[in-house]
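Let me begin by presenting the structure, written as structure tokens, before commenting on it.
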Amino acid sequence: MRKLLLLSMLCPVVALAQQRFHVTLFGGLSNYAGDLQDHRFTLQQANFALGAGIKYDITPNLAVRLAYNHGTIEGDDKKSKDPLLQARNLSFISKINEGSFLLEYTVLNLEDYIISPFVYSGVTVYHFNPYAYDSIGSKVYLKPLSTEGQGLAPDRKPYNLTQFAIPLGIGLKFRINENTVLAYELSARKTFTDYLDDVSTTYFDEAALAQARGQKAVEMAFRSDELKGNSTTYPDQGSVRGGSKYKDWYYFTGFTLYIGIGSGNGRTSSFGRSHGGRNQLGCPRVL
120 MRKLLLLSML
130 CPVVALAQQR
140 FHVTLFGGLS
150 NYAGDLQDHR
160 FTLQQANFAL
170 GAGIKYDITP
180 NLAVRLAYNH
190 GTIEGDDKKS
200 KDPLLQARNL
210 SFISKINEGS
220 FLLEYTVLNL
230 EDYIISPFVY
240 SGVTVYHFNP
250 YAYDSIGSKV
260 YLKPLSTEGQ
270 GLAPDRKPYN
280 LTQFAIPLGI
290 GLKFRINENT
300 VLAYELSARK
310 TFTDYLDDVS
320 TTYFDEAALA
330 QARGQKAVEM
340 AFRSDELKGN
350 STTYPDQGSV
360 RGGSKYKDWY
370 YFTGFTLYIG
380 IGSGNGRTSS
390 FGRSHGGRNQ
400 LGCPRVL
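Sequence positions in the sequence shown follow the working numbering and run 120 to 406.
In structure tokens:
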């Protein structure tokens with residue numbers, strides 16, 4: 120009798136908790152906006168991105184999500200339409216690994232509707248590490264080189280490779296069945312650095328850079344001389360290399376699949392709307 124009473128108390132609690140959890144799977148593209156990209160939002164130079172996470176429904180409209188995403192961002196002056204940027208000849212690639220805590224709001228209750236817009240925001244911790252390939256094709260990480268004198272002068276502070284960002288997402292959800300929802304989303308990350316691409320301000324003194332970081336730093340800081348027929352020499356200190364007025368952004372676009380955990384028998388919704396039978400754990404309605 121005691122076991123039966125305990126079961127009657129725990130079964131609904133466990134069932135409700137399970138029905139409110141969802142696994143999320145993301146697949147799409149990653150890109151960035153910064154000094155080596157012509158447009159604020161573009162699919163030019165985009166790369167494939169993947170992610171996974173878990174979502175918990177607080178109400179039918181409000182949920183929290185823990186998400187991990189992995190993507191690659193890149194930029195190359197050679198692909199710019201601006202002749203001045205082409206002549207600068209800088210490039211970079213960086214892997215992005217991020218973890219996010221998100222608060223998600225779905226406008227319409229998907230227990231009653233098939234489609235609904237949704238938005239989310241929260242906080243993101245991400246890691247990046249820009250690199251480029253030198254004139255002979257060797258991979259070179261850029262931060263240790265202080266290409267703009269970061270850490271070599273009081274006004275040139277080094278940047279951190281792990282930072283916080285603010286995620287901003289918007290999308291449209293489609294209910295496939297009572298246990299599965301497919302969403303298309305576009306999400307941007309407002310960062311607090313202008314060095315996702317290792318380009319921000321002006322050229323640092325050539326001799327000082329070579330003395331502090333070596334000749335490789337000079338080679339990766341100024342690359343116009345690698346272009347055929349270009350005899351430009353290293354610019355004077357203070358010459359414009361990038362634009363520091365705006366911080367860099369990165370973003371994802373693609374599809375997210377939400378899969379409910381523990382659903383199954385009886386068409387029992389996440390918030391207790393029973394449509395017959397027993398609940399998802401097979402618990403009887405009345406003991």
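Don't be surprised by glycine CBs; every beta carbon is placed ideally from N, CA and C.
Going by C-alpha distance, which of the options is nearest residue i?
| i | options | result |
| --- | --- | --- |
| TYR250 | LEU261, LEU144, ALA340, ILE378 | LEU261 |
| PHE237 | GLU223, ASP231, LYS258 | GLU223 |
| THR281 | ILE255, ASN248, GLN269, ASP313 | ASN248 |
| ASP201 | ARG139, ASP154, VAL226 | ASP154 |
| GLN334 | SER265, GLY270, ILE289, PRO277 | SER265 |
| ALA272 | LYS366, GLN356, LEU315, THR178 | GLN356 |
| LYS366 | LYS309, ALA168, ASN216, ALA340 | LYS309 |
| ASN216 | HIS246, VAL226, GLN205 | HIS246 |
If we count the other Cβ atoms within 10 Å of its Cβ and call it buried at 16 or more, is residue i buried or exposed?
| i | result |
| --- | --- |
| HIS158 | exposed |
| LYS292 | buried |
| ALA326 | exposed |
| ASN384 | Since pLDDT at ASN384 reaches only 40, below the 50 mark, its modelled position is unreliable, and the value read off the structure follows with that caveat. Flag for ASN384 reads exposed. |
| LYS174 | buried |
Going straight from the alpha carbon of residue i to that of residue j, what length do you get?
| i | j | result |
| --- | --- | --- |
| SER210 | ARG294 | 42 Å |
| ASP253 | PHE371 | 28 Å |
| THR312 | ASP231 | 43 Å |
| GLY172 | ALA307 | 17 Å |
| PRO263 | SER240 | 33 Å |
| LYS276 | SER319 | 12 Å |
| VAL142 | GLY362 | 41 Å |
| LYS258 | THR191 | 15 Å |
| GLY379 | VAL183 | 14 Å |
| GLY290 | TYR314 | 28 Å |
| ASN188 | GLY146 | 9 Å |
| ARG360 | PHE140 | 48 Å |
With DSSP run on the structure shown, which of helix, strand or coil describes residue i?
| i | result |
| --- | --- |
| SER358 | coil |
| LEU264 | helix |
| ALA165 | coil |
| VAL337 | helix |
| LEU376 | strand |
Counting pairs of beta carbons, one from the region 294 to 303 and one from the region 342 to 358, are three or more of them closer than 8 Å?
Contact fails: fewer than three Cβ-Cβ distances are below 8 Å.
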